[in-house]
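Visitor: Take this structure, written in structure tokens, and hold onto it; I'll ask about it next.
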Amino acid sequence: MSVVSPAHRGAHATGLMLISPMFVLFRPAAMFAAAAHAIPLVGAACG
Amino acid sequence: MIGAATDALKVGGWAVAAGLLAFSPISIFFALNSLSFFLSALFIGSIRHSDGIASDGRTPPRLDEVFSGLRPLSTLAGAVVALGLGVTISAGTWIAAVPEYVRAVLHREAGGFSILMVGYAGGSIAVGALLARVPVENKARASLLAWMLYLPAYGLFLATSVLDGGSRSFPCRIRPDRLGDSPDFSRRKKSDPTCWDA
Numbered sequence: 001m002s003v004v005s006p007a008h009r010g011a012h013a014t015g016l017m018l019i020s021p022m023f024v025l026f027r028p029a030a031m032f033a034a035a036a037h038a039i040p041l042v043g044a045a046c047g
Numbered sequence: 001m002i003g004a005a006t007d008a009l010k011v012g013g014w015a016v017a018a019g020l021l022a023f024s025p026i027s028i029f030f031a032l033n034s035l036s037f038f039l040s041a042l043f044i045g046s047i048r049h050s051d052g053i054a055s056d057g058r059t060p061p062r063l064d065e066v067f068s069g070l071r072p073l074s075t076l077a078g079a080v081v082a083l084g085l086g087v088t089i090s091a092g093t094w095i096a097a098v099p100e101y102v103r104a105v106l107h108r109e110a111g112g113f114s115i116l117m118v119g120y121a122g123g124s125i126a127v128g129a130l131l132a133r134v135p136v137e138n139k140a141r142a143s144l145l146a147w148m149l150y151l152p153a154y155g156l157f158l159a160t161s162v163l164d165g166g167s168r169s170f171p172c173r174i175r176p177d178r179l180g181d182s183p184d185f186s187r188r189k190k191s192d193p194t195c196w197d198a
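Protein sequences, first through last, are from chains A and B.
Counting in the working numbering, the first sequence runs from 1 upward without gaps.
Counting in the working numbering, the second sequence runs from 1 upward without gaps.
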């Protein structure tokens with residue numbers, strides 16, 4: 001738990017800082033499509 | 001279970017937020033929200049300090065020791081890395097796209113977003129309760145597989161926004177002319193031709 005909680009909170013903040021601003025450049029639907037593919041790929045790559 | 005317990009507490013907060021937004025202006029809502037943060041700070045400030053000494057007399061573990069301990073456990077380390085990357089992408093997408101989805105596709109405002117979040121937390125609580133009863137042999141590997149569920153989940157957001165077909169910003173930006181025109185798209189396109197110029 002000592003690493004999971006900081007990782008989760010840190011990643012959440014990082015997402016707000018790095019991913020959310022991309023909505024300025026890309027359409028929401030495109031972002032949903034990209035995230036729908038990228039997140040499972042992350043799970044597969046780390047396995 | 002800790003995540004599910006936190007979400008269980010959040011449900012009440014989101015339900016109250018949705019209720020507040022139903023009859024009070026958003027300025028009152030934000031004033032109450034800031035007051036709640038002030039009260040939280042007061043409560044946290046009242047917690048007694050232990051001067052870095054754990055209750056059993058030992059010093060608490062340092063963060064770098066935690067990473068050193070994870071190194072031989074490759075699957076667990078991979079699960080933590082996946083957690084970091086997965087939450088970065090999912091939270092960054094969620095926080096901007098879902099409010100826009102609620103506004104443009106569901107035609108609801110902040111109260112609708114709160115109700116949607118209650119559904120999100122309800123799912124988290126249900127899965128937490130299920131996992132508390134169903135033993136999982138390799139939890140780290142199972143957590144990696146669980147990230148696959150984002151494909152149908154975010155895919156459903158995308159599909160419903162496309163099926164909605166004519167709301168101003170969300171499907172507007174999908175350029176339905178590239179996805180195949182439908183009578184509904186054509187009708188809305190005629191009523192607001194500028195919509196499709198983005």
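Every residue, glycine too, gets a C-beta built ideally from N, C-alpha and C.
At least one CB of chain B closer than 8 Å to the CB of Leu16/A: is that the case?
Guide: Taking the first sequence and counting its residues from 1, the one referred to as residue 16/A is at position 16. Yes, Leu16/A counts as interfacial toward chain B.
Visitor: According to DSSP, simplified to helix, strand and coil, what is Val102/B?
Guide: Here residue 102/B is taken as the residue at index 102 of the second sequence, counted from 1. In this structure, Val102/B counts as helix in the three-state DSSP scheme.
Visitor: For the alpha helix (DSSP H) containing Pro28/A, name the first residue and the last one.
Guide: The residue labelled residue 28/A in the question sits at position 28 within the first sequence. That run of the alpha helix (DSSP H) goes Pro28 to Ala45.
Visitor: Taking the Cβ atom as the reference point for each residue, do Asp35/B and Phe29/B lie within a distance shorter than 8 Å?
Guide: Within the second sequence, residue 35/B is the residue found at index 35, counting from 1. Within the second sequence, residue 29/B is the residue found at index 29, counting from 1. The identity of residue 35/B in the sequence shown is Leu, whereas the question assumes Asp. Not in contact: Leu35/B and Phe29/B (Cβ atoms no closer than 8 Å).
Visitor: Tell me the rounded alpha-carbon separation between Val127/B and Leu39/B.
Guide: Your numbering for residue 127/B matches position 127 in the second sequence. Your numbering for residue 39/B matches position 39 in the second sequence. Each residue's Cα considered, the two are about 31 Å apart.
Visitor: Nearest by alpha-carbon distance to Gly12/B: which of Ala91/B, Arg141/B, Leu116/B and Leu130/B is it?
Guide: By one-based count along the second sequence, residue 12/B stands at place 12. When only C-alpha atoms are compared, the closest one is Leu116/B.
Visitor: How far does the alpha helix (DSSP H) with Gly12/A in it reach, from first residue to last?
Guide: Translated into positions along the first sequence, residue 12/A becomes position 12. The identity of residue 12/A in the sequence shown is His, whereas the question assumes Gly. That run of the alpha helix (DSSP H) goes Val4 to Thr14.
Visitor: Would you say Ala121/B lies against chain A (beta-carbon separation less than 8 Å)?
Guide: Position 121 of the second sequence, counted from the start, is the residue given in the question as residue 121/B. By this cut-off, Ala121/B is not an interface position.
Visitor: Looking only at its chain, what residues have a beta carbon closer than 8 Å to the beta carbon of Ile174/B, apart from the 5 residues adjacent to it on each side?
Guide: For the purposes of this step, residue 174/B is identified with residue 174 of the second sequence, where counting begins at 1. No answer about Ile174/B holds up, because its pLDDT of 45 lies below 50 and its placement is not dependable.
Visitor: Less than 8 Å between C-beta atoms, sequence neighbours within five positions excluded: which residues of the same chain meet that for Leu18/A?
Guide: Your numbering for residue 18/A matches position 18 in the first sequence. There are no such residues.
Visitor: Determine the closest residue to Ala17/B out of Ser143/B, Tyr154/B, Phe113/B and Arg48/B, with distance taken between C-alpha atoms.
Guide: Counting from one through the second sequence, the residue named residue 17/B turns up at place 17. Closest option to Ala17/B, Cα to Cα, is Phe113/B.
Visitor: Please say whether Ala142/B and Val136/B have beta carbons closer to each other than 8 Å?
Guide: Numbered from 1 along the second sequence, position 136 holds the residue referred to as residue 136/B. Numbered from 1 along the second sequence, position 142 holds the residue referred to as residue 142/B. Yes.
Visitor: Is it true that the CB of Leu70/B sits closer than 8 Å to the CB of Ala77/B?
Guide: Mapped onto the second sequence, residue 77/B falls at position 77. Mapped onto the second sequence, residue 70/B falls at position 70. Yes.
Visitor: Could you check where the alpha helix (DSSP H) with Ser36/B kicks off and where it finishes?
Guide: Taking the first residue of the second sequence as 1, we reach residue 36/B at position 36. Ile26 to Gly45 is the extent of the alpha helix (DSSP H) around Ser36/B.
Visitor: Taking the alpha carbon of Ala79/B as the reference point, which residue from Asn33/B, Leu144/B, Val118/B and Lys10/B has its own alpha carbon closest?
Guide: As a working mapping, residue 79/B is identified with position 79 in the second sequence. Nearest option by C-alpha distance: Leu144/B.
Visitor: Take the Cβ of Arg27/A as the centre, count every other Cβ of all protein chains shown within 10 Å, and call the residue buried at 16 or more, exposed below.
Guide: As a position in the first sequence, residue 27/A is number 27, starting the count at 1. Flag for Arg27/A reads buried.
Visitor: Between Arg9/A and the rest of its own chain, which residues show a CB-CB distance below 8 Å, the 5 nearest in sequence each way excluded?
Guide: Mapped onto the first sequence, residue 9/A falls at position 9. Answer for Arg9/A: no residue qualifies.
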